[in-house]
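In UniProt numbering, the protein residues as written are 1 to 553. For glycine and all other residues, C-beta sits at the position ideal for the given N, C-alpha and C.
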Amino acid sequence: MMDGGKLAEPIEKGVQIYKLPLLESDESTQHQDQHQQTRRPTWAKGSNAHFNFTVFAYVTPDLEAAAVDEARRIADDHAHGHPGAKNHSHETPDPATVRKEALKQKAFQLESMVNQLKLGAKQPSQRVPSKQSSTALSATTLGNNLAEKPSNSDNNSSTNLGPAALAASAPIRKRISSTRETNAPGTPYFELRIGLGFSVPALEKCVKTMLPGTRARFLCLGPETTDGYAQLESILRQEKTNRDLIAQGKPPIRTSGCCASSVMASAASNSGSPANMELQQNALALQRDLLLLNTCAALEFEIELANVVEPGDFMKEPWEMTAAEKYAEAPVRKSEGGELYKRGDYAGACEKYTRALVLLESLSTSPAVTDMQRQIGKDRDAVDREVSRRVAERRRLERIGGREIPPEFTREAVDIFIKESEGHIARMDFADNSGVNPNVVISLMQTCRLNYAACKLKLGDFSAVIVQCSEVVKNDKNNIKALFRRAQAYRKIGRDLDLARKDLNTLRDLFLSRETSEDSSEYVELQREEQELENKFHAANQKEQQMYKNLFK
């Protein structure tokens with residue numbers, strides 16, 4: 001709140017974060033939402049806050065123009081082969097140190113001038129603010145600015161200070177973005193885990209002052225409160241860009257450093273199409289906004305807090321789970337997926353299998369699995385060496401002759417040793433490994449991939465079937481279900497019929513080697529699929545012949 005044009009006390013002692021009045025009354029919405037959750041949250045560590053926010057930056061028109069020019073220069077660099085790549089770093093949004101410093105100096109000069117003119121208009125005898133106090137818009141100055149004439153949240157017009165020249169240099173409230181635009185489809189809110197080291201501490205502090213079902217505005221002054229937001233903005237927009245690319249059937253952009261520059265480079269290398277033109281425009285806007293975020297002295301967050309879920313009452317993300325938690329949940333999701341599949345809810349089953357696979361894939365790269373796999377590998381190598389030693393010694397004794405072969409070197413003894421060793425490895429105590437058995441992890445992952453592929457086959461997403469079955473075949477080249485489902489997917493797509501035939505031939509060889517009965521369900525299915533494939537080949541050949549006939553008419 002403001003008192004006489006000045007900001008009230010900060011929300012927390014020693015932190016330059018101030019609560020502002022809402023620009024427009026929205027009490028009806030607040031009362032409508034408050035019935036959902038009226039009690040004050042405990043804000044316990046690990047609580048999950050659901051909210052949306054819009055962010056604004058306070059910049060001068062000249063500073064914005066300078067940022068636009070700099071963003072265009074960076075775009076031109078990428079369009080012309082990225083000159084000076086050796087000296088070009090993407091560790092910060094502005095790769096040119098000299099230009100960045102010049103931009104900051106310009107910001108200082110403009111803000112200092114605005115402060116001087118505003119304060120001078122009220123108190124002609126007042127001294128110009130010192131350099132130290134002028135590097136950021138003061139709370140009082142910006143408070144006066146906001147109290148006199150709050151600008152509309154959807155335009156960039158500057159506050160009217162009187163003379164036209166002064167108005168041209170006054171700070172403007174520029175809308176940067178909103179989470180409603182960057183949230184993934186089906187995800188209505190931005191989610192924040194409380195107390196787990198969020199990259200924008202100021203935003204977390206603001207949220208923790210609110211009640212669920214309310215809206216509020218907060219002003220953050222100085223780099224210590226705005227720190228981290230540019231990186232968050234970059235990540236949110238990059239994720240949205242990649243989702244859009246994937247929806248268009250294009251690969252996501254892999255970034256190393258500044259994502260805006262990576263997007264620019266990708267768009268520049270494939271320029272021309274409307275989609276790439278839009279990609280370039282979005283990258284240019286992001287680069288401009290990142291430059292502004294890294295040079296502006298004040299950010300405003302307009303937050304709408306929906307609800308706060310206590311720890312344990314929501315599904316955790318893999319990054320916040322222990323290995324034991326992932327290991328315990330994955331088979332549960334697999335079983336749930338199986339039940340949904342039996343009921344014909346293939347989309348629902350896919351969601352369960354997806355969750356299980358996310359957990360298992362995360363688990364498969366964790367030390368709990370990789371370290372144990374390494375130990376199991378060492379144990380098996382030791383068994384192999386001992387078996388080789390015993391076999392070699394038995395053969396040596398057989399060549400010499402005249403001596404009885406010791407019991408431990410006989411074929412029977414070696415076979416018993418192998419079985420006992422494998423049994424020992426299978427019965428290893430995983431208590432010191434969070435109870436995680438890596439063999440179970442790999443087996444579960446294979447099963448979930450196959451089940452997921454079965455769902456996608458029913459839903460007609462044949463490309464996904466091929467991807468998952470190929471992953472299974474990497475670990476088990478003779479997996480019958482994976483080969484069969486992949487062959488079906490190739491046939492239904494109709495583009496790689498030779499690959500479908502190759503998989504079916506592999507299956508036929510497997511059945512012959514295993515002496516599978518021709519009356520078995522597996523063999524009957526194979527014959528049926530082979531006939532379907534031959535029909536597909538015949539139709540493709542007929543179509544090709546007709547095409548050539550039309551060419552030579």
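field: Close beta carbons around G195, own chain, < 6 Å, minus the five adjacent residues each side
entry: K45
- prompt: Short check: CB of A65 to CB of Y189, under 9 Å?
  reply: no
- request: May I have the straight-line CA-CA distance separating A349 from F198, to the nearest angstrom?
  value: 33 Å
task: Using 10 angstroms around the beta-carbon of A283, count the other beta-carbons present and answer buried if the total reaches 16, otherwise exposed.
output: buried
query: Got a sec? Which residues, its chain only, sit under 7 Å from E329 by beta carbon, not counting five neighbours each side?
result: L359
- request: For the beta strand (DSSP E) holding V309, just list the boundary residues, first then last.
  value: 298-309
field: Distance between beta carbons of F56 and L279, contact taken as under 8 Å
entry: Not a contact, Cβ separation roughly 25 Å.
message: Please return the same chain residues whose Cβ sits closer than 6 Å to the Cβ of R288, not counting the five positions on each side in sequence.
response: A67, V68, A71
- prompt: Considering only residues of the segment 180-217, which uninterrupted alpha helix (DSSP H) runs meet the minimum length of 4 residues and lie entirely inside it, listed in chain order?
  reply: 201-207
message: Here's the rule: buried if 16 or more other CB atoms are within 10 angstroms of the residue's CB, otherwise exposed. What is R237?
response: buried
message: Using 9 Å as the threshold, is the C-beta distance between L507 and L533 below it?
response: no
field: Nearest to A365 (by Cα), restricted to the options D381, K326, A392
entry: For clarity, residue 365 is Thr in the given sequence; the question names Ala instead. Closest by alpha carbon: K326.
field: Between the CA atoms of T60 and A170 - distance to the nearest angstrom
entry: When rounded, the distance between both Cα atoms is 6 Å.
message: Tell me the DSSP secondary structure of E515 in three-state form.
response: coil
- prompt: DSSP beta-bridge partners for I17?
  reply: DSSP, once it has assigned bridges, lists C220 as partnering I17.
message: Can you find the residues in the same chain that come closer than 7 Å, C-beta to C-beta, to R514, ignoring five residues on each side of it along the sequence?
response: none
query: According to the Cβ coordinates, are V440 and A323 closer than 9 Å?
result: no
message: Considering only DSSP beta bridges, list what T54 is partnered with.
response: The beta-bridge partner set that DSSP reports for T54 consists of S178, E302.
message: Just to confirm, is the Cβ distance from R486 to V465 under 9 Å?
response: yes
query: Residue ranges of each alpha helix (DSSP H) run of no fewer than 4 residues wholly in the segment 285-367, ordered along the chain?
result: 323-342, 346-364
message: Measuring only the C-alpha atoms, how far is Q281 from C469?
response: 38 Å
- request: Can you tell me which of the three DSSP states R173 falls into?
  value: In this structure, R173 counts as strand in the three-state DSSP scheme.
message: Taking its Cβ as the centre, do 16 or more other Cβ atoms sit within 10 Å of Y548, making it buried, or is it exposed?
response: exposed
message: Buried or exposed for Q488, going by 16 or more other Cβ atoms inside 10 Å?
response: Buried is the call here.
Rounded straight-line distance, which links the Cα of M372 to that of K378: 10 Å
query: Skipping 5 residues on each side, what residues in its chain have a beta carbon closer than 8 Å to that of V387?
result: Exclusion of the five residues before and after V387 leaves V414, F417, I418 as the residues of its chain whose Cβ lies within less than 8 Å of its Cβ.
task: Tell me, to the nearest whole angstrom, how far the beta carbon of L357 is from that of M445; I am working on the premise that it is less than 8 Å.
output: 7 Å
Integer-rounded CB distance, given that T447 should sit under 8 Å from K334: With 8 Å as the limit, K334 and T447 qualify as a contact, their Cβ atoms being about 7 Å apart.
Rounded straight-line distance, which links the Cα of A202 to that of G344: 47 Å
message: If I follow the unbroken alpha helix (DSSP H) through L23, where does it start and stop?
response: L23 -> no alpha helix (DSSP H), and no H or E assigned at all.
task: State the start and end residues of the unbroken alpha helix (DSSP H) segment that holds A487.
output: 480-493
field: P438 - containing alpha helix (DSSP H), residue span
entry: 438-459
field: Classification of P407 by the beta-carbon crowding that lies within 10 angstroms, buried from 16 upward
entry: Exposed, by the Cβ-count rule.
query: How would you call T410, buried or exposed, if buried means at least 16 neighbouring beta carbons within 10 angstroms?
result: exposed
- request: Could you tell me the distance, in whole angstroms, from the CA atom of D496 to the CA atom of A540?
  value: 11 Å
- prompt: Taking one C-beta from the segment 303-322 and one from the segment 244-254 each time, how about it: are there three or more such pairs within less than 8 Å?
  reply: no
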